[in-house]
Amino acid sequence: SYSLDVPIGNLLVTAYDNGETAGDKKIGPFVVPGDFEKDINIVYTGAPPSFDDWSTFIITTWTGITIWGAVVIGLIVFYSVLRKRVREWLKAKHSRVTEAQAEVIGYAITGFGKVGLLYASLLVLDAVLDVGDVVAAKWIRFWLYALLWVLFLVVMGRFVLMLVDNLLVRLRAKRRREGSDVPETAYIFLHGILRYVVIMGIGFLILLIPLAGVGLADEISGGMDRFVNSNFGYLILLVIIVILFFITNRFVKLTMEQMRETSHKYSPQMLSILALVVKFGIIGLFSVLFIFTLLTMAGMQEMGALIMALLTTTVGMIVAMTTTGALGNALSGIVLMRLKPIEPGHYVTIADGQFGKVVEISSFFTQIRTFNNEVIEIPNNLILATEIKNYSKNKNIGIEVDMGVGYDIPADVVLDCLKNGAKGTTGIVKDPKPQAMVTKFTDYAINYKLRAFTDKVDRYFQTKSSLMQNIQEIFYTKGIEIMTPWQLVKREDNSPSKDEVISRFMENMKHKEPSSADDASVAAGLDMLEGNSKD
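Here the sequence shown stands for residues 247 to 781, where the numbers follow my numbering.
What follows is the structure in structure tokens.
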């Protein structure tokens, strides 16, 4: 007789003799009669155990499953008690064990405990399922072994990553001691590449385990072998593109971080916008290269060229249509962040006299909070197109007060009162000193200007109000009246007439003797004036 031991799983085994079926069976050793030539065809169905298989499995293994459940519960209880005792021991030995050591011990117990508990449970279950030719038991045992292999690969991958990290740390420390000029970015790039290689390798091995479980390992390996042989160059190019993408992305990120730490020429907002633009540019460039390579592998080079042409045309049209709109505002925002005519926290007057504090400069708008607590969003294009008054560029900002005082008050008295009012105002700085000056002679008064300085821009209006109040109180105490045109009209109603003024002047002149020809001419002129007045 002849026998055939078939692999574990649901298999359909058929023996043929000149096209006639000799027998079939799902599992097991299959005995072929020996009185004819054999043509054995093995086909894997890929189906899970049937209902009858599961019924047989439960009837055969229920005792072992119960024992396994009890063992698992016991292991969980043992693990919990062990963790509790270790924590109590660490607290009792706290003076001898540092916090870092205690944390490492806790992580080790947690990690190894969980993995050990799972391994022990699976091993006990494997022993329970060793019941001969029960289909469901063999099916479960296969997936248990697959799970054990997955756990083993995960643990090994983590161990390899720890070795890589430790190796690079030691290598970096050694190079530093030796005074090597190798930049830090080189170690970071190497570390990233090694991590990606390890993770991708472990992930590929883990993926093969379930594929092997459904009988597709040979088909997949054969197909992959043919695919790799025919597209080896393109695959290498794809790997290079991916590696260059991660290297470029990491390099740009480190460069931006270094610019934020060392450069004072660029604002954080501008660096954020620049990083975002560069990031999307890198993603777009490498995505196009990756897709074009895939299309070339599939023999669709013309389609790849057409897609790239369409993308280029679309991007150009978008840029052209948005230059005067959103893109224009974005470019204006970059200019504002680069040249820094205004910055967040500055007090400015822009865009039709909007006065307030700059809250934020974004890509498209600048926020200003007025003293009425109103938040105004101003497009960046409008800011660059108008005059900007920045009151925060200098330490102090000037406060000006204009007024008029009658001709009967000496100018030096008024100027002293203005300066004293500034000196007694809270918020007015001593340096530079307050400046008082005469600015204009009018029909009814002399105009004066006071210019004082404050270092509290956020309290500009409060300081100006206090200054004007102090000036008014000083003038009131001195008996000085601040003139207005309305007061001038009122004074004209109560003032002497023209004849009365001439009469008084002539009366005063009679008590004086002319001392020169000029005085005589003046007296003659007054006589003529008096005569005209009498007429």
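Glycine included, each C-beta is placed from N, C-alpha and C at the ideal position.
Sequence-distant residues of the same chain with beta carbon closer than 7 Å to residue i, five excluded per side
{"i": "Asn-495", "result": "Ile-528"}
{"i": "Val-220", "result": "Here the chain comprises residues numbered 247 to 781, so residue 220 is not present and cannot be evaluated."}
{"i": "Asp-692", "result": "A quick correction: the sequence has Ile, not Asp, at residue 692. The answer, listed in chain order, is Gly-650, Val-651, Tyr-653, Ala-657 and Val-684."}
{"i": "Ile-439", "result": "Ile-489"}
{"i": "Leu-451", "result": "Leu-399"}
{"i": "Asn-477", "result": "Met-543"}
{"i": "Val-370", "result": "Trp-314 and Val-317"}
{"i": "Ile-655", "result": "Ile-726"}
{"i": "Val-406", "result": "Val-444"}
Residues near residue i in its chain [Cβ-Cβ closer than 8 Å; skip 5 each side]
{"i": "Gly-359", "result": "Tyr-325, Leu-328 and Arg-329"}
{"i": "Gly-591", "result": "Lys-603, Val-604 and Ser-638"}
{"i": "Phe-492", "result": "Gly-438, Ile-439 and Tyr-442"}
{"i": "Arg-705", "result": "Gly-673"}
{"i": "Ile-434", "result": "Arg-496 and Leu-500"}
{"i": "Gln-708", "result": "Gly-673"}
Residue burial classification, residue i (beta-carbon count within 10 angstroms, cutoff 16)
{"i": "Leu-664", "result": "buried"}
{"i": "Pro-680", "result": "buried"}
{"i": "Leu-582", "result": "buried"}
{"i": "Phe-687", "result": "exposed"}
{"i": "Val-660", "result": "buried"}
{"i": "Tyr-442", "result": "exposed"}
{"i": "Val-594", "result": "buried"}
{"i": "Phe-473", "result": "exposed"}
{"i": "Ala-338", "result": "exposed"}
{"i": "Trp-314", "result": "buried"}
{"i": "Val-604", "result": "buried"}
{"i": "Asn-626", "result": "buried"}
{"i": "Thr-312", "result": "exposed"}
{"i": "Ile-288", "result": "Here Ile-288 scores only 46 on pLDDT, less than 50, and its place in the model is too uncertain to base an answer on."}
{"i": "Phe-721", "result": "buried"}
{"i": "Ile-304", "result": "exposed"}
{"i": "Ile-486", "result": "exposed"}
{"i": "Ile-588", "result": "buried"}
{"i": "Ser-578", "result": "buried"}
{"i": "Ala-682", "result": "buried"}
{"i": "Ile-322", "result": "exposed"}
{"i": "Arg-422", "result": "exposed"}
{"i": "Thr-612", "result": "buried"}
{"i": "Ile-596", "result": "buried"}
{"i": "Ser-711", "result": "exposed"}
Boundaries (first-last residue) of the beta strand (DSSP E) holding residue i
{"i": "Gly-650", "result": "643-651"}
{"i": "Tyr-694", "result": "692-700"}
{"i": "Ile-614", "result": "611-615"}
{"i": "Gly-602", "result": "600-607"}
{"i": "Val-703", "result": "No beta strand (DSSP E) holds Val-703; DSSP gives it neither H nor E."}
{"i": "Met-683", "result": "681-687"}
{"i": "Ile-588", "result": "Unbroken run through Ile-588: none, as it is neither H nor E."}
{"i": "Tyr-593", "result": "593-596"}
Beta-carbon separation (whole angstroms), residue i vs residue j, contact threshold 8 Å
{"i": "Leu-713", "j": "Thr-671", "result": "5 Å"}
{"i": "Val-361", "j": "Gly-403", "result": "Contact flag wrong, Cβ pair sits at about 13 Å."}
{"i": "Ile-614", "j": "Ile-622", "result": "5 Å"}
{"i": "Gly-667", "j": "Ile-728", "result": "Their Cβ separation, rounded to whole angstroms, is 12 Å, which puts Gly-667 and Ile-728 out of contact at 8 Å."}
{"i": "Leu-484", "j": "Phe-538", "result": "The Cβ separation is near 11 Å, so there is no contact."}
{"i": "Glu-646", "j": "Lys-695", "result": "6 Å"}
{"i": "Ile-580", "j": "Gln-600", "result": "Not really, about 22 Å apart at Cβ, beyond 8 Å."}
{"i": "Leu-363", "j": "Ile-351", "result": "In fact, because the Cβ distance is near 18 Å, the residues do not count as touching under 8 Å."}
{"i": "Leu-436", "j": "Leu-414", "result": "7 Å"}
First through last residue of the alpha helix (DSSP H) which encompasses residue i
{"i": "Lys-724", "result": "706-724"}
{"i": "Lys-201", "result": "The requested residue 201 is not part of the displayed model; the chain covers only 247 to 781."}
{"i": "Lys-499", "result": "478-508"}
{"i": "Ala-622", "result": "It should be noted that the sequence gives Ile, not Ala, for residue 622. No alpha helix (DSSP H) contains Ile-622, which is instead part of the beta strand (DSSP E) from 621-625."}
Beta-carbon contacts of residue i that lie in its chain and below 6 Å, excluding the five residues immediately before and after
{"i": "Val-498", "result": "Val-524"}
{"i": "Glu-283", "result": "In this prediction, Glu-283 has a pLDDT of 44, which is less than 50 and means its spatial position is unreliable; what the coordinates show is noted afterwards. Contacts found: none."}
{"i": "Val-318", "result": "Ser-367"}
{"i": "Trp-792", "result": "No statement about residue 792 is possible, as the shown extent of the chain runs from 247 to 781 and does not include it."}
Chain D within 7 Å of residue i, Cβ atoms only
{"i": "Ser-578", "result": "Among the chains in the structure shown there is no chain D, since it carries only a single protein chain."}
Residue i CB to nearest heavy atom of the ligand MN below 6 Å
{"i": "Lys-499", "result": "In terms of ligand content, the structure shown is empty, and the ligand MN therefore cannot be addressed."}
Could you tell me whether the stretch 688-701 touches the stretch 640-655, where touching means 3 or more Cβ pairs closer than 8 Å?
Under the Cβ criterion (8 Å, minimum of three pairs), the stretch 688-701 counts as touching the stretch 640-655.
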